[in-house]
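Just so we're aligned: the sequence shown equals residues 22 to 392 in my numbering.
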Amino acid sequence: MTHLATPKLSDEAGRLAALYRYEILDADPETDFEDIVRVVKAVFGVPMVAITLIDTDRQWLKAKTGLGVSQTPRSIAFCDHTIRSTMPLSIEDATQDPRFAANPLVTGEPGIRCYLGVPLTTPDGYNLGSLCILGTEPRRFTPTNKEVLREFGRLVMSKMELRMLARRDALTAALSRRAFEEHMGVVVRNPITSRLPMSLLMIDIDRFKHVNDRFGHPVGDLVLQAVAEAIRSSLRPADRLGRLGGEEFGILLGDIDPGTAYALAVRITRQVDALSLPALQGQTVSVSCGVAHWQEHGQGDAMSWIAAADAALYRAKNSGRNRVEVAGSPTSGHQTRPTVPPPSLSALSRFSADEVARRLRDSHGGFRPRA
22 MTHLATPKLS DEAGRLAALY RYEILDADPE TDFEDIVRVV KAVFGVPMVA
72 ITLIDTDRQW LKAKTGLGVS QTPRSIAFCD HTIRSTMPLS IEDATQDPRF
122 AANPLVTGEP GIRCYLGVPL TTPDGYNLGS LCILGTEPRR FTPTNKEVLR
172 EFGRLVMSKM ELRMLARRDA LTAALSRRAF EEHMGVVVRN PITSRLPMSL
222 LMIDIDRFKH VNDRFGHPVG DLVLQAVAEA IRSSLRPADR LGRLGGEEFG
272 ILLGDIDPGT AYALAVRITR QVDALSLPAL QGQTVSVSCG VAHWQEHGQG
322 DAMSWIAAAD AALYRAKNSG RNRVEVAGSP TSGHQTRPTV PPPSLSALSR
372 FSADEVARRL RDSHGGFRPR A
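Written as structure tokens, this is what we have:
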């Protein structure tokens, strides 16, 4: 027997976090979803079908047929009403419905008159968007119509679940390298996100080979999981964490200024540094981190950006490990011991992220919590 989670209709922050976990917004067209909308169109005999996802302020169409747009403002999206309920939303004639009569999608192109949408609900109860059918003539939808569309909606969610699992590293639940690089490609090609300040963090677990050699690979796996969770605890819902290699992780931070990105990198380093794993018999865990900012080092393509972050990471490794280095900063290839000890996290807790970053930089480039 399947147990359905309690619907979470009023938790918008949780809903958005759930949406971002699926790593599907702005992705390229995919056959699984395109096939579904084509079949639904044939089954219902309607001119328009869409799989929609409701983001913070927009409705994005994952797959569509008969529609010429890929996104609309959330404020005019019929599907924004659909996700507010567990039940299908059925509209016989939008021109007679006070909620939609003045909607530009009704008064202008594509001239929507009838609509039937079912929410796309996650296993934990969040409505991410809708599978909807639309027409340009009034139509009354039957209970059978609604149940059939519900079944197609469940199929869409099953495809989304499988897609998410296929893109995840099984050990750490971070994105796979391929999925992470695909997401980077989407972000840098997007005319909106590519104009926003972004940062890329490359993180490597220090002396990880020694852990595997001394304690064995099962303990090494525990370290990887603990580090991934420590990193994840510092990230925002829309940030992306990927496992790029054996002990290397990448983090894509969107819409973030350089100072805040640096402060976040320092916080991650401290979080890992604070780990206590009994299996390591007192040995500590640390990471080195390289940071590169898109506007300074992307040069319009993801490969230049990755190369800059990688170079900063290797500088951190060569400068003593357990530290953060920023691409383009003056310290390079040598150990720089601060003349003033780096301020403690408790001492910095009353400052803004920008001020945290400034004070850490003033303690001379590279963060080194333990000698």
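Positions of the beta carbon are idealized from the N, C-alpha and C atoms, including for glycine.
Given a cut-off of 8 Å on the beta-carbon distance, is the pair residue i and residue j in contact?
i	j	result
Trp326	Leu221	yes
Leu137	Leu176	no
Ala284	Gly311	no
Leu265	Phe201	yes
Arg198	Gly303	no
Thr27	Gly146	yes
Arg291	Leu273	no
Val306	Val248	yes
Ala300	Val240	yes
Met16	Thr142	Nothing can be reported for residue 16, as the shown portion of the chain is limited to 22 through 392.
Pro50	Ala84	yes
Arg342	Met185	no
Asp53	Lys180	yes
Can you tell me whether DSSP reads residue i as helix, strand or coil?
i	result
Arg79	strand
Gln92	strand
Arg134	coil
Ser111	strand
Asn343	coil
Val67	coil
Phe270	strand
Ser31	coil
Gly241	helix
Ser370	Because Ser370 carries a pLDDT of 35, less than 50, the predicted location of this residue cannot be relied on, and the following value inherits that uncertainty. DSSP places Ser370 in coil when its eight states are reduced to three.
Gly129	coil
Ile252	helix
Ser179	helix
Ile45	coil
Val306	coil
Asp322	coil
Pro363	Caution applies to Pro363, whose pLDDT of 38 falls short of 50 and renders its modelled position unreliable; the model cannot decide the point.
Ser353	Residue placement at Ser353 cannot be trusted, given a pLDDT of 37 that sits under 50; what the coordinates show is reported in the next sentence. Ser353: coil per DSSP, three-state reduction.
Asn211	coil
Arg264	strand
Give every residue of the same chain whose Cβ lies closer than 6 Å to the Cβ of residue i, excluding the five residues on either side of it in the sequence, and list them in chain order.
i	result
Met69	Gly87, Leu88, Leu155
Ile289	Ile252, Ser255
Val208	Thr214
Asp190	Ser197, Arg264
Gly132	Thr157
Asp118	Ile112
Ala63	none
Glu130	none
Using only the alpha-carbon positions, how far apart do residue i and residue j sit?
i	j	result
Thr128	Leu149	27 Å
Ala98	Ala259	22 Å
Val58	Ala194	30 Å
Ala330	Val61	45 Å
Pro159	Arg134	5 Å
Leu37	Ile75	8 Å
Ser31	Ala328	42 Å
Glu182	Gly174	12 Å
Ala282	Ala348	12 Å
Met223	Leu152	38 Å
Val293	Glu172	44 Å
Arg228	Asp101	49 Å
Ser309	Leu296	15 Å
Ala122	Asp114	9 Å
His231	Asn339	17 Å
Val67	Glu268	51 Å
Asn211	Phe236	45 Å
Phe65	Thr116	21 Å
Asp322	Gly206	8 Å
Ala34	Glu250	20 Å
Leu192	Lys29	28 Å
Met324	Ser350	20 Å
His238	Ala313	31 Å
Asn124	Gly271	43 Å
Leu126	Glu55	22 Å
Beta-carbon within less than 8 Å of residue i's beta-carbon, same chain only, minus the 5 sequence neighbours each way: which residues are those?
i	result
Val90	Leu82
Pro94	Asp78, Arg79, Gln80
Gly354	Caution is warranted here: a pLDDT of 32 is assigned to Gly354, below 50, making its placement in the model unreliable, and the coordinate value is therefore given only provisionally. Result list for Gly354: Arg336, Asn339, Ser340, in chain order.
Ala39	Thr143, Asp145, Tyr147, Leu149
Arg120	His102
State the CB to CB distance for the pair residue i and residue j, rounded to an integer number of angstroms; the pair is presumed to be in contact (CB under 8 Å).
i	j	result
Leu217	Gly275	6 Å
Arg79	Gln92	5 Å
Ser96	Lys167	That belief does not hold up - the Cβ atoms of Ser96 and Lys167 are roughly 26 Å apart, past 8 Å.
Thr103	Pro140	6 Å
Glu44	Arg188	6 Å
Leu298	Leu334	Incorrect: roughly 23 Å between the Cβ atoms, too far for contact.
Could you tell me if the beta carbon of residue i falls within a distance shorter than 7 Å of some heavy atom in the ligand HEM?
i	result
Pro125	Within the structure as shown, the ligand HEM is missing, as the structure has no ligands at all.
Leaving out the 5 sequence neighbours to the left and right, which residues in its chain are closer than 7 Å to residue i when beta-carbon positions are compared?
i	result
Asp225	Glu268, Glu269, Val308, Ser309, Leu334, Lys338
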